[in-house]
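One line per chain: the protein sequences are A and B, in this order.
Numbered by our numbering, the letters in the first sequence go through residues 1 to 113 in order.
Numbered by our numbering, the letters in the second sequence go through residues 1 to 115 in order.
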Amino acid sequence: DTGVSQDPRHKITKRGQNVTFRCDPISEHNRLYWYRQTLGQGPEFLTYFQNEAQLEKSRLLSDRFSAERPKGSFSTLEIQRTEQGDSAMYLCASSGRDQGTIYFGEGSWLTVV
Amino acid sequence: GENVEQHPSTLSVQEGDSAVIKCTYSDSASNYFPWYKQELGKRPQLIIDIRSNVGEKKDQRIAVTLNKTAKHFSLHITETQPEDSAVYFCAASKKGTNTGNQFYFGTGTSLTVIP
């Protein structure tokens, strides 16, 4: 499968714990995006990488959230001190050099209890 | 920033009928408008897209129209089938620009095709 892959697909955590999600983009794509989606809503932009550089961050991305893409390939999204409001699906997407269409992964569902 | 509004939020049609979903956008600089289909618990998948230099695009039973002056674009599905049942999202971005990295999504339309 050469699509965007995300891990884990589901995570249940206690409030206050830290969680980390991983995304592996389509191999030839240099642009990588993180989005958050809650039930009944469209995906909301969180952050964007071009190669290893994090070029854009949404105001939604509080200081408890950090994303990295150290070698310009896979990316991680860490949420520290999780809150119940963080419960959502975290979608990773990637696109090629022409800023073409973004292709989504299957998402990582987070439930904070 | 860009604001994308999508209507209706829910839509039920009889199998074989047509379905139309409409979106409006606020930023006249937006030039790329994809549509995604999302089945329950699955990833959003691109079904069709249109660029601002084109007024209409078709792909079998799916078509998208764009009115740049009015800043709205629509998804048309003809001869609907039960497997078309899903949530559909429109999006807008400024492809090819320095600020074209954000895709702004509508709130989605839940389409149900009744057999």
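Note that beta-carbon positions come from the ideal geometry of N, C-alpha and C, so glycine has one too.
Asked, Found
"Cutting at 6 angstroms between CB atoms, please list the residues of its own chain near B:L75, excluding the five before and the five after it.", "I21, W35 and V64"
"Just checking: is the beta-carbon of A:I102 within a distance shorter than 8 angstroms of some beta-carbon in chain B?", "yes"
"So if I threshold CB-CB distances at 7 angstroms, which residues from the stretch 7-28 of chain A count as touching chain B?", "none"
"Hey, B:V13 and B:V113: beta-carbon distance below 8 angstroms or not?", "yes"
"Whose C-beta lies closer than 7 angstroms to the C-beta of A:Y90 among residues of the same chain, with five residues either side of it excluded?", "F21, W34, R36, L77, G107, S108 and L110"
"For A:Q6 and A:G105, I'd like the C-alpha separation in whole angstroms.", "6 angstroms"
"Which same chain residues, not among the five before or five after B:F105, have their C-beta less than 6 angstroms away from its C-beta?", "F89 and A91"
"With a CB to CB cut of under 8 angstroms and the five nearest residues on each side skipped, what residues in its chain are close to B:F103?", "P34, A91, A92 and S93"
"Of all the options B:R51, B:T78 and B:Y25, which has the alpha carbon lying nearest to the alpha carbon of B:E2?", "B:Y25"
"DSSP has A:E106 in a bridge; who is on the other side?", "DSSP lists no partner for A:E106."
"Could I get the ranges of all uninterrupted beta strand (DSSP E) runs contained in the stretch 5-75 of chain A, with 3 residues as the minimum, in chain order?", "5-7, 10-13, 19-24, 31-37, 44-50, 53-57 and 65-68"
"Keeping to the same chain, check which residues put their C-beta closer than 7 angstroms to that of A:Q17; ignore five residues upstream and five downstream.", "T82"
"Kindly provide the ranges of any alpha helix (DSSP H) runs that are 4 or more residues long and lie completely inside the stretch 3-29 of chain B, ordered along the chain.", "none"
"Taking 8 angstroms as the threshold (beta carbon to beta carbon), is B:L46 in contact with chain A?", "yes"
"For a cutoff of 8 angstroms on Cβ pairs, would you count A:F74 as touching chain B?", "no"
"Could one say the Cβ of A:G96 lies closer than 8 angstroms to chain B's Cβ atoms, at least one of them?", "no"
"Is the CB-CB distance between A:Q50 and A:R64 below 8 angstroms?", "no"
"Buried or exposed: A:S95, going by 16 or more other Cβ atoms within 10 Å of its Cβ?", "buried"
"Considering only residues of the same chain and omitting the five flanking positions on each side of B:S110, which have a CB-CB separation below 6 angstroms?", "T10 and V87"
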